[in-house]
Amino acid sequence: MIQAVLVTICLVVFPYQVSSTILESGKGKDYEVVYPQKIPSLPKGGLQKLEEKTKYEDTMKYEFKVNGEPVVLNLEKNKRLFSKDYTETHYSPDGREITTSPPVQDHCYYHGHIQNDADSSAVIRACDGLNGYFKNNGEMYIIEPLKHPDD
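Taken in order, the sequence shown gives residues -20 to -1, 1 to 131; the numbers are from mature numbering (1 follows the signal peptide of the UniProt record, and there is no 0).
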């Protein structure tokens, strides 16, 4: 049976995005706290113009330890998340169907892999901390922000 592990991550911003992470076994008995660090990267093609900047980067890397072993999580923004023909439909209070084609906005959904693990995969939402999962060395890990007592 594959041991499922819960990885809880909460990002602390600047100068690097450092996270407190809890690794939890599938049975919820074993925990390990690790600290992922965002690896800074330069934009492709040099510096971007200010008007081209987006809130979420096209690619990101995070380095942290899983079960004591260092890993690098390589992430790429999911550019095919929305179709160019994307529409939204809703109904007015009087029952009329209203369909719009809103502009596709910047989003925080990524896919990727663990560096040097050909069989790895990752699907991550990076809006408010890291949420999602990754597969490393045949094990599946779930990621969600660490809850603070003040929340």
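Cβ atoms here follow ideal geometry from the backbone N, Cα and C, with glycine treated the same way.
Please report the residue range of the beta strand (DSSP E) in which PRO50 lies. Along the sequence shown, read from residue 1 onward, the residue named residue 50 stands at position 70. PRO50 -> beta strand (DSSP E) spans 49 to 57.
Can you tell me which of GLN17, TYR36 and THR80 puts its alpha carbon nearest to the alpha carbon of ARG105? Here residue 105 refers to the residue found at position 125 of the sequence shown. Taking only the C-alpha atoms, the option nearest ARG105 is TYR36.
Within 10 angstroms of the Cβ of PRO16, are there 16 or more other Cβ atoms? Answer buried if so, exposed if not. Counted from its first residue, the sequence shown places residue 16 at position 36. That one is buried.
DSSP puts GLU43 in a beta bridge; with which residues? Start at 1 with the first residue of the sequence shown, and residue 43 comes out as number 63. GLU43 is bridged to GLN17 and VAL52.
Could you check the C-alpha separation between LYS9 and LYS59 for me, to the nearest Å? Stepping through the sequence shown from its first residue, residue 9 is reached at position 29. Stepping through the sequence shown from its first residue, residue 59 is reached at position 79. Its pLDDT being 48, under 50, LYS9 is placed unreliably in this model, and the coordinates cannot settle the point.
Is TYR42 buried or exposed, if buried means 16 or more other CB atoms sit within 10 Å of its CB? Taking the sequence shown and counting its residues from 1, the one referred to as residue 42 is at position 62. Burial of TYR42 is indicated by the presence of at least 16 other C-beta atoms within 10 angstroms of its C-beta.
State the Cα-Cα distance for the pair VAL51 and LEU61, rounded to the nearest angstrom. Walking along the sequence shown from the start, residue 51 turns up at place 71. Walking along the sequence shown from the start, residue 61 turns up at place 81. Each residue's alpha carbon lies about 26 Å from the other.
So what's GLU37 in DSSP terms, helix, strand or just coil? On the sequence shown, residue 37 is found 57 positions in, with the first residue counted as 1. If DSSP states are grouped into helix, strand and coil, GLU37 belongs with coil.
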